[in-house]
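**Q** Just so we're aligned, residue 163 is where the first sequence starts under the numbering used here, counting upward by one.
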Amino acid sequence: MPVDPTREPADLTEAEAADELERLALEISEHDRLYYADEAPTVSDAEYDALKRRNTALETRFPQLVRPDSPSLRVGSAPSAKFAPVLHGVPMLSIDNAFSDEDVQEFEARVRRFLRLDPAEPIAFTAEPKIDGLSANLRYEHGRLVQGATRGDGRTGEDVTENFRTLADIPRKLSGSGWPDVIEVRGEVFVRNDDFAAFNAAAEAAGGRTYANPRNFASGSLRQIDAAVTAQRPLRFFAYAWGFVSAPFAETQWEALQALKAWGFPISAEARRVHGAAGLLAAYRDLQAARPNLGYDIDGVVYKVDRLDWQQRLGFVSRAPRWATAHKFPAEQARTILEGIDIQVGRTGSLTPVARLKPVTVGGVVVKNATLHNADEIERKDVRIGDTVLIQRAGDVIPQVLGAIPEARPEGAEPFEFPHVCPCPLKTSVVRETTHSGAETVVRRCTGEFACPFQKHEHLKHFVSRRAFDIEGLGEKQLQAFSDLGWLTEPADIFRLARDEAKLDELRAREGYGETSVRNLVAGIDARRTIPLDRFIYALGLRHVGEATALTLARGYGTVEHFLAAADAVAAGDEAAIAEMDALDQIGDAVIQAIAAYFAEDHNRRLVANLVEQLTIQEVERPRTDTPVAGKTVVFTGALERMTRDEAKAQAEGLGAKVASSVSKKTDLVVAGPGAGSKLKTAAELGIQVLTEDEWLALVRPTG
DNA sequence: ACCCCTCGAGTTCT
DNA sequence: CTCGAGGGGT
């Protein structure tokens with residue numbers, strides 16, 4: 163679409179400018195794509211520059227219209243922008259972790275058991291350093307790189323092909339011969355420590371952005387909109403695996419690595435082939451010793467069964483291969499000062515003590531806060547304000563306070579006394595509840611319930627959260643702002659806001675808001691006026707009712723009307739209604755009590771009614787009763803060959819069956835694949851019907 | 001009266 | 001991710 167340079171920005175209306183900016187964003191990004199990905203620009207540099215200047219001129223005149231995807235924001239360190247999603251044909255899985263020598267011995271023993279190998283039969287493994295970078299999937303067709311994607315969540319990644327093309331370590335064309343027509347090569351993108359330090363030093367001197375750690379650097383550099391920026395980043399790559407291949411190309415992991423090397427990929431010089439657990443542990447010690455001199459960060463060693471036919475037989479448990487494990491180095495620890503302990507109020511009124519720490523770098527991230535979980539935990543660890551404490555990042559993610567260093571305790575430091583009064587404005591007294599068996603619970607709670615503004619706020623946060631209403635454009639910040647304006651006192655207010663022109667006008671007048679953002683907000687809210695019953699129930703945030711229980715309730719009652727009628731009856735003490743609810747799977751006393759307590763409050767009943775008025779709540783399918791397995795409890799055991807565990811589970815549940823993980827006399831059916839062990843034995847002892855996978859499929863297929 | 005498994009709830013940082 | 005509690009089986 164041509165730019166009309168004849169009209170001065172000042173002569174345009176806001177709506178016209180918004181439209182033109184939208185066109186410009188599209189057009190410029192298309193030229194970017196042609197330029198970087200296809201190396202075939204269709205406009206001259208001068209024309210391209212003219213487009214960009216026009217964009218800037220319009221934005222200068224209408225600053226409120228600057229789009230999140232504006233081309234002007236894209237040079238240099240662009241904010242996270244949209245990349246096309248890539249569905250991984252072969253998912254990029256996670257890997258089990260081992261932390262001790264015993265775990266590693268158990269890993270070998272498990273492989274031996276599963277394959278039923280003779281104890282004398284040596285098992286060959288590869289041992290490769292686990293690099294702390296970003297996994298990538300590179301697709302080659304006929305030896306040419308056609309697509310490069312990040313791992314993403316393992317199923318769907320982001321297409322950053324043009325950025326991968328700028329890495330010297332990644333061949334655009336495979337060398338040598340013998341590669342399959344189609345092969346997806348997988349490996350790790352990372353940065354060497356010296357390159358990283360040099361980059362940050364230069365960036366700091368130039369006033370540019372610096373990165374907290376090498377991992378973030380790799381990730382940030384790869385996800386640049388402008389591939390020219392990536393090209394200037396010192397990224398490296400090691401290949402270590404593959405996804406889809408059109409033909410097999412090796413018989414062992416080790417041969418595969420050599421093949422990848424021959425085709426032009428760097429592979430780790432530290433990779434080794436060893437035998438047995440003893441060999442794995444020796445490789446681990448060697449790498450641990452070599453670690454400081456490698457020049458890049460590694461956080462452990464990955465072990466893989468060398469023979470690919472064995473890998474195939476071993477298969478997967480849920481999301482991780484049975485034939486590989488990652489032996490992690492001990493987590494990095496750090497010392498810092500415990501400057502204070504704050505009390506946070508959760509959605510349910512739970513009071514969680516949070517350690518405020520003197521900022522300290524642990525594992526490449528600056529940590530300022532860490533949860534202390536509860537009062538018992540503080541007592542057990544005997545940490546006191548002013549103490550020097552030991553911190554580590556559990557699983558390299560969540561910071562943990564390990565304990566205090568007694569020698570470093572300042573004089574006069576007293577044990578922390580958990581407050582008896584809630585920090586919320588109501589200053590309610592703090593209580594510990596009793597469990598059904600009469601013991602006191604560990605958690606302390608605020609008793610303010612819906613009157614407590616802290617709890618109310620957390621409830622609203624929960625209501626809009628991703629797994630509940632997931633309202634786009636209504637994040638924590640907006641929520642806070644609207645609450646501060648007094649616009650939100652209950653969830654229904656969110657939906658009223660989208661219809662309230664007076665408030666929306668007020669919003670349009672506010673700084674940082676324009677017509678576009680208001681329109682997006684309204685669209686985001688309206689998009690969720692229709693919602694499935696299970697999400698609706700979950701969003702209410704009833705105690706003991708999480709995602710799974712909400713789904714059970716939704717399936718049990720089908721429609722909102724039925725559910726609300728049942729809830730009211732239960733609250734009124736109706737025995738029949740209680741029995742009916744109790745009969746639902748995984749729903750017992752605690753859940754029923756929680757539902758009863760909630761719906762016994764007039765306040766809550768009004769809140770729900772107001773909400774229902776604003777919404778269309780979709781019926782959830784009741785479990786089927788017309789299939790051969792409806793209402794039956796099924797256990798899958800052994801290796802399944804025609805479907806994954808998750809697929810099998812989803813299929814069975816779709817047919818109204820219940821899937822359990824262990825065999826008991828309540829089990830109706832056991833589906834056993836090769837390698838099934840104790841569960842099969844138990845089934846035989848209990849006289850439970852056992853099917854092969856094929857028999858199961860035959861039973862289930864005609865009813866679809 | 002136990003024991004195992006599943007579920008809920010809370011949490012860090014970029 | 002990790003802990004604690006509820007559900008349900010033995």
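Using N, Cα and C, we set each Cβ at its ideal position, and we do this for glycine too.
Could you tell me which whole alpha helix (DSSP H) segments of length 4 or greater appear in the stretch 395 to 447?
**A** DSSP runs (the alpha helix (DSSP H)) wholly in the stretch 395 to 447: 415 to 424.
**Q** Tell me which residue opens and which closes the alpha helix (DSSP H) that Pro615 is part of.
**A** The residue labelled residue 615 in the question sits at position 453 within the first sequence. Counting along the chain, the alpha helix (DSSP H) containing Pro615 begins and ends at 615 to 626.
**Q** Given a cut-off of 7 Å, decide if Ala311 and Phe352 are closer than it, judged by their beta-carbon atoms.
**A** Here residue 352 is taken as the residue at index 190 of the first sequence, counted from 1. Here residue 311 is taken as the residue at index 149 of the first sequence, counted from 1. The answer is no: Cβ separation not under 7 Å.
**Q** Taking 8 Å as the threshold, find out whether the stretch 744 to 763 comes into contact with the stretch 708 to 726 through three or more Cβ pairs.
**A** A contact exists between the stretch 744 to 763 and the stretch 708 to 726.
**Q** In chain order, what residues of the same chain have a beta carbon less than 6 Å from the beta carbon of Val852, not counting five sequence neighbours either side?
**A** As a first step, residue 852 must be located in the first sequence, where it is residue number 690. Closer than 6 Å at Cβ, skipping near neighbours: Val832, Ala834, Ala845.
**Q** Work out the CA separation of Thr175 and Tyr197 for me, nearest whole Å.
**A** Position 35 of the first sequence, counting from 1, holds the residue named residue 197. Position 13 of the first sequence, counting from 1, holds the residue named residue 175. For Tyr197, the predicted model reports a pLDDT of 49, less than 50, meaning its position is unreliable and no value from the coordinates is stated.
**Q** I need the DSSP call for Ile293, collapsed to helix, strand or coil.
**A** In the first sequence, the residue the question calls residue 293 occupies position 131. Ile293: strand per DSSP, three-state reduction.
**Q** Just checking, does the stretch 653 to 661 make contact with the stretch 767 to 783 on the three C-beta pairs under 8 Å criterion?
**A** The stretch 653 to 661 is in contact with the stretch 767 to 783.
**Q** Please work out which residues of its chain come closer than 7 Å, Cβ to Cβ, to Arg453, disregarding the five sequence neighbours upstream and downstream, and give them in chain order.
**A** Within the first sequence, the letter at position 291 stands for residue 453. Within the same chain, Arg453 has close Cβ partners Ile460.
**Q** DSSP beta-bridge partners for Val353?
**A** If you number the first sequence from 1, residue 353 lands on position 191. DSSP, once it has assigned bridges, lists Leu397 as partnering Val353.
**Q** Our contact map puts Leu513 next to Cys608 with C-beta atoms below 8 Å; I'd like the distance itself, whole angstroms only.
**A** For the purposes of this step, residue 513 is taken as the residue at position 351 of the first sequence. For the purposes of this step, residue 608 is taken as the residue at position 446 of the first sequence. That belief holds up - the Cβ atoms of Leu513 and Cys608 are roughly 6 Å apart, short of 8 Å.
**Q** Work out the CA separation of Phe698 and Gln780 for me, nearest whole Å.
**A** Residue numbering aside, residue 780 sits at position 618 when the first sequence is read from its first letter. Residue numbering aside, residue 698 sits at position 536 when the first sequence is read from its first letter. Approximately 9 Å between the Cα atoms of the pair.
**Q** What are the partner residues of Cys608, as DSSP defines its beta bridges?
**A** As a position in the first sequence, residue 608 is number 446, starting the count at 1. Answer is Val592, bridged to Cys608.
**Q** Hey, how far is the Cα of Val516 from the Cα of Gln415?
**A** Taking the first residue of the first sequence as position 1, residue 516 is located at position 354. Taking the first residue of the first sequence as position 1, residue 415 is located at position 253. Taking the straight line from one Cα to the other gives about 46 Å.
**Q** Pick out the complete beta strand (DSSP E) segments inside the stretch 321 to 391, 3 residues or longer, and give them in chain order.
**A** List check, beta strand (DSSP E) in window: 344 to 353.
**Q** Using the three-state DSSP reduction, which class does Ile687 fall into: helix, strand or coil?
**A** Locating residue 687 in the first sequence gives position 525, counting from the first residue. If DSSP states are grouped into helix, strand and coil, Ile687 belongs with the helices.
**Q** For Lys214, does the three-state DSSP call read helix, strand or coil?
**A** Taking the first residue of the first sequence as 1, we reach residue 214 at position 52. It is helical.
**Q** Exposed or buried, what is Asn355 when buried is set at 16 or more other beta-carbons lying within 10 Å of its beta-carbon?
**A** Translated into the one-based positions of the first sequence, residue 355 becomes position 193. So Asn355 ends up on the exposed side.
**Q** For the beta strand (DSSP E) containing Ile633, name the first residue and the last one.
**A** Locating residue 633 in the first sequence gives position 471, counting from the first residue. Element bounds for Ile633: n/a, residue is neither H nor E.
**Q** Tell me the DSSP secondary structure of Asn455 in three-state form.
**A** In the first sequence, counting from the first residue as 1, residue 455 sits at position 293. Asn455: helix per DSSP, three-state reduction.
**Q** If you reduce the DSSP assignment to three classes, tell me which class Lys530 lands in.
**A** By one-based count along the first sequence, residue 530 stands at place 368. The answer is strand: DSSP assigns Lys530 an E or B state.
**Q** By Cβ distance, which residues of its chain are closer than 7 Å to Ala601, with the 5 residues on each side in sequence left out?
**A** Taking the first residue of the first sequence as position 1, residue 601 is located at position 439. Once the five neighbours on either side are set aside, Ala601 has no close Cβ partner at all.
**Q** What does the Cβ neighbour count give for Thr787, buried or exposed, with the cut at 16 atoms within 10 Å?
**A** Residue 787 sits at position 625 when you count from the first residue of the first sequence. Exposed, by the Cβ-count rule.
**Q** Going along the chain, which residues of its own chain have a beta-carbon closer than 8 Å to the beta-carbon of Val605, five neighbours each way excluded?
**A** Counted from its first residue, the first sequence places residue 605 at position 443. If we look at Val605 and ignore the five residues flanking it on each side, its Cβ neighbours are Ser512, Leu513, Asn536, Arg594, Glu595.
**Q** Per DSSP, what kind of secondary structure is Glu602 in: helix, strand or coil?
**A** As a first step, residue 602 must be located in the first sequence, where it is residue number 440. DSSP places Glu602 in strand when its eight states are reduced to three.
**Q** May I ask which residues mark the beginning and end of the beta strand (DSSP E) holding His765?
**A** As a working mapping, residue 765 is identified with position 603 in the first sequence. Note, His765: premise wrong, no beta strand (DSSP E); alpha helix (DSSP H) at 764 to 776.
**Q** Can you have a look at Thr651 and say buried or exposed, based on whether 16 or more other CB atoms are within 10 angstroms of its CB?
**A** On the first sequence, residue 651 is found 489 positions in, with the first residue counted as 1. So Thr651 ends up on the exposed side.
**Q** Are the CB atoms of Thr550 and Ala575 nearer to each other than 7 Å?
**A** Residue mapping note: residue 550 aligns to position 388 of the first sequence, counting from 1. Residue mapping note: residue 575 aligns to position 413 of the first sequence, counting from 1. No, the pair does not count as a contact, with Cβ atoms beyond the cut-off.
**Q** Taking only three categories from DSSP, how would you classify His250?
**A** Stepping through the first sequence from its first residue, residue 250 is reached at position 88. Note: His250 maps to coil in three-state DSSP.
**Q** Going straight from the alpha carbon of Val545 to that of Ile553, what length do you get?
**A** Here residue 545 corresponds to residue number 383 of the first sequence, with the count starting at 1. Here residue 553 corresponds to residue number 391 of the first sequence, with the count starting at 1. One C-alpha to the other measures close to 12 Å.
**Q** Quick check on the burial criterion: 16 or more other C-beta atoms within 10 angstroms. Buried or exposed for Ala771?
**A** Reading the first sequence from its first residue, position 609 is the one you call residue 771. By the neighbour-count rule (16 or more Cβ atoms within 10 Å), Ala771 is not buried but exposed.
**Q** What are the boundary residues of the beta strand (DSSP E) that Lys639 is part of?
**A** Translated into the one-based positions of the first sequence, residue 639 becomes position 477. Unbroken run through Lys639 is the alpha helix (DSSP H), 638 to 646; no beta strand (DSSP E).
**Q** For a test of the three-state rule: what should DSSP assign to Glu303, helix, strand or coil?
**A** Counting from one through the first sequence, the residue named residue 303 turns up at place 141. Strand.
**Q** Check Gly238 in the structure and name its three-state DSSP category.
**A** If you number the first sequence from 1, residue 238 lands on position 76. Reliability fails at Gly238, whose pLDDT of 27 lies under 50, so the model's placement of it is uncertain and the value that follows must be treated cautiously. Residue state, collapsed to three classes: coil.
**Q** According to DSSP, simplified to helix, strand and coil, what is Val464?
**A** Residue mapping note: residue 464 aligns to position 302 of the first sequence, counting from 1. In the structure shown, Val464 sits in a strand (DSSP, three-state: E or B).
**Q** Where does Ser383 land, buried or exposed, given buried means 16+ other C-beta within 10 angstroms?
**A** One-based indexing of the first sequence puts residue 383 at position 221. Burial call: buried.
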